[in-house]
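Residues 2 to 451 in the numbering used here are what the sequence shown lists, from first letter to last. Accompanying notes for the structure given below.
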Amino acid sequence: MDRLLDQNKHNMFDELERKIRDRSAKVGIIGLGYVGLPLINAFVSAGFRTMGFDVDQNKIDLLSAGRSYIKHIESSSIEKWIRAEQFDPTSDMNRLAEADCLLICVPTPLTDSREPDLRYVEGTARSIAATLRKGQLVVLESTTYPTTTREVMLPILNESGLKVGEEFLLAYSPEREDPGNPDYSAAGIPKVVGGIDEISGRLAALLYSQSIVEVIPVSSPEIAEACKILENTYRAVNIAMVNELKMLFDRMGIDVWEVIDAAKTKPFGFQAFFPGPGLGGHCIPIDPFYLTWLARRHGLTTRFIELAGEINSRMPEYVVSRLMEFLNDVGKAMRGSKVCLLGVAYKKDVEDPRESPSFVLIDLLRERGVELIYNDPHIPKLPKMRHHDVPDLHSSELTPETLAAQDCVLIATDHSAYDYDFIVKHSQMVLDTRNATRNVTEGRERIHKA
Ligand SMILES: NC(=O)c1ccc[n+]([C@@H]2O[C@H](COP(=O)([O-])OP(=O)(O)OC[C@H]3O[C@@H](n4cnc5c(N)ncnc54)[C@H](O)[C@@H]3O)[C@@H](O)[C@H]2O)c1
């Protein structure tokens, strides 16, 4: 009897393995945002048929009409995938059982009290549990704290009555998407995979190895979850360190960017991180606090993370205080001065405004009576933001007249589309928080850094 059970189990996953190997397995991706959509691209390019699930009907309508809402995924590609029946976007979660493999890329934000907000992960797990069928592989990709797959996902999936490792498979594999980076697409970034058991890990690794350049199997989902948080915490802490050094070196008249450029010539033991007006995006300012919360539950504190958060979140205030000093030097008060903010996306060449320090700068400048305009080639109108009182502004065209009319042009995001020579040439004063003007040769006396 036991032998028969084992045999059935084996057959079920044999079938999944065969379908993954010959790429006839249907891959369902849940959450079609900055991570999910590029992942569809990776699997379609590898010859898989994909289904895309999202609760946002607006996104599904756009995709179904062959239109992209993410800059680095072309509408023409989406149109082609749909025509070739390689991509089937839907908001109908009852169809989750149609996919052989389900990869979850839903948001993992913080609550107002800065605790992990797993409601999207839990909601998705409940939708899957309601339709889970024998032989499916489920992989969580959303960034989260270690133990989420085992202690949050698995108990919900168990409500289906199916048994993990025997009737369905479960793994964690963190997404490492770097939006706006032309050198790395989802398929080109090595992927860490940790299964809840041996067979889950093996088949999840097999699936990714069909479409991703390199797969790194690890011994458990906890290792894979902790790996992602380590990567993001490492960035948050190192960025805080260079931000702190920037404030010290500024005071001493030493250019921190020149220091970093010199330091990075060391061929080992140093990796360059760059200061800026603060941290932004959906990952670096948020993910480390998942770990802080977990540490508290274990009676420990993560002092590096707390300190990094403190320093990084103070940067917009530092920038504004430096602006006040530079205006003061030319006999101008901040109140009533005209400032054009360049860049509201959180980093260069993306259209993503999430957690962007530019919104803190906007708040601070307006509180101090500045007459503000902005330009961002990727964000034509300022979006509503949950934690900010955002003015109703459209991106101003950067004409010589507009630039010359400002008391200061503040570079918050160093988009490649900007002509920095042109900007410096026509501005009375430029405050550069990204060293974007490093190659400008004329008018350098008008450039300040902060
Ligand atoms: N953006 C990045 O650069 C990046 C990089 C690495 C990891 N991540 C992680 O990946 C995850 C997703 O991030 P993102 O930037 O793609 O977010 P996003 O907001 O761009 O996309 C998430 C999508 O999930 C959808 N969604 C929410 N709840 C859902 C549900 N119950 N069922 C189906 N769809 C649902 C939303 O409508 C949205 O379209 C997060 O955990 C994030 O931390 C993001």
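Ideal placement from N, C-alpha and C gives every residue a C-beta, glycine not left out.
Check                                                                                                                                                                                   : Outcome
Would the beta-carbon of PHE14 fall within 9 Å of that of GLY195?                                                                                                                       : no
Just to confirm the assignment: which complete beta strand (DSSP E) runs, minimum length 3, are found wholly within the region 306-383?                                                 : 339-343, 372-376
For TYR146, is the classification buried or exposed, using 16 other Cβ atoms within 10 angstroms of its Cβ as the cut-off for buried?                                                   : buried
Ignore the nearest five residues each way along the sequence and tell me which others in ALA206's own chain have a CB closer than 6 Å to its CB.                                        : VAL194, VAL216, PRO218
Whose CA, out of ALA47, GLY124, HIS283, PHE423, lies closest to the CA of ARG177?                                                                                                       : HIS283
First and last residue of the beta strand (DSSP E) that includes GLY50?                                                                                                                 : Here the sequence assigns Arg to residue 50, which means Gly is not the residue at that position. Unbroken beta strand (DSSP E) run through ARG50: 50-54.
Does DSSP classify GLY202 as helix, strand or coil?                                                                                                                                     : helix
Please work out which residues of its chain come closer than 6 Å, Cβ to Cβ, to GLN272, disregarding the five sequence neighbours upstream and downstream, and give them in chain order. : none
Classify ASN313: buried if its beta carbon has 16 or more other beta carbons within 10 angstroms, exposed otherwise.                                                                    : buried
In the DSSP assignment, find the unbroken beta strand (DSSP E) run with LEU280 in it and report its ends.                                                                               : LEU280 -> no beta strand (DSSP E), and no H or E assigned at all.
Do the CB positions of LEU138 and CYS102 come within less than 9 Å of each other?                                                                                                       : yes
Tell me, which residues are paired with ASP390 by DSSP?                                                                                                                                 : According to DSSP, ASP390 bridges with nothing at all.
Just to confirm, does PRO218 get its C-beta within under 8 Å of one of the non-hydrogen atoms of ligand 1?                                                                              : no
How about GLY67: is its Cβ closer than 8 Å to a heavy atom in ligand 1?                                                                                                                 : no
Within 8 Å: the Cβ of PHE54 and any heavy atom of ligand 1?                                                                                                                             : yes
With respect to 8 Å, is the separation between the Cβ of LYS27 and the closest non-hydrogen atom of ligand 1 below this value?                                                          : no
Check whether the Cβ of HIS283 lies closer than 8 Å to any heavy atom of ligand 1, and answer yes or no.                                                                                : yes
For a test of the three-state rule: what should DSSP assign to THR234, helix, strand or coil?                                                                                           : helix
For THR91, which beta-bridge partners are listed by DSSP?                                                                                                                               : PHE54
How far does the beta strand (DSSP E) with GLY196 in it reach, from first residue to last?                                                                                              : 192-196
At 4 residues or longer, and completely inside the region 152-190: list those alpha helix (DSSP H) runs for me, N to C.                                                                 : 155-159
Comparing the CB of ASP353 with every heavy atom of ligand 1, is any distance shorter than 8 Å?                                                                                         : yes
Return the CA-CA distance between LEU97 and LEU33, expressed in angstroms with no decimal places.                                                                                       : 14 Å
For a test of your reading of the model: does the CB of VAL107 fall under 8 Å from any non-hydrogen atom of ligand 1? Yes or no.                                                        : yes
Please identify the residue among HIS73, TRP294, ASP256, VAL28 whose C-alpha is closest to the C-alpha of GLU86.                                                                        : VAL28
Taking the C-alpha atoms as reference points, what is the distance between LEU17 and LEU133?                                                                                            : 15 Å
Taking 8 Å as the cut-off, does the CB of ILE79 come closer than this to any heavy atom belonging to ligand 1?                                                                          : no
How about ARG236 and PHE274: are their beta carbons less than 9 Å apart?                                                                                                                : yes
Excluding the 5 residues flanking LEU394 on each side, which residues of the same chain have their C-beta closer than 8 Å to its C-beta?                                                : LEU373, ILE374, TYR375, LYS382, LEU383
Under a three-way DSSP split, which group does LEU40 fall into?                                                                                                                         : helix
Helix, strand or coil, according to DSSP, for GLY124 in the structure here?                                                                                                             : helix
With a threshold of 16 other CB atoms inside 10 Å of the CB of MET2, please say whether the residue is buried or exposed.                                                               : Low confidence applies here, because MET2 scores a pLDDT of 47, under 50, leaving its location unreliable and the question unanswered by this model.
Given 8 Å as the limit, tell me if ARG452 has its C-beta closer than that to any heavy atom belonging to ligand 1.                                                                      : This structure does not reach residue 452, given that the chain is present from 2 up to 451, and the question cannot be answered.
So HIS449 is in the beta strand (DSSP E); what residue range does that whole segment cover?                                                                                             : 448-450
Should the region 68-86 be regarded as contacting the region 113-131, the criterion being three or more beta carbon pairs within less than 8 Å?                                         : no
Note down the Cα distance separating PHE54 from PRO90, rounded to an integer number of angstroms.                                                                                       : 6 Å
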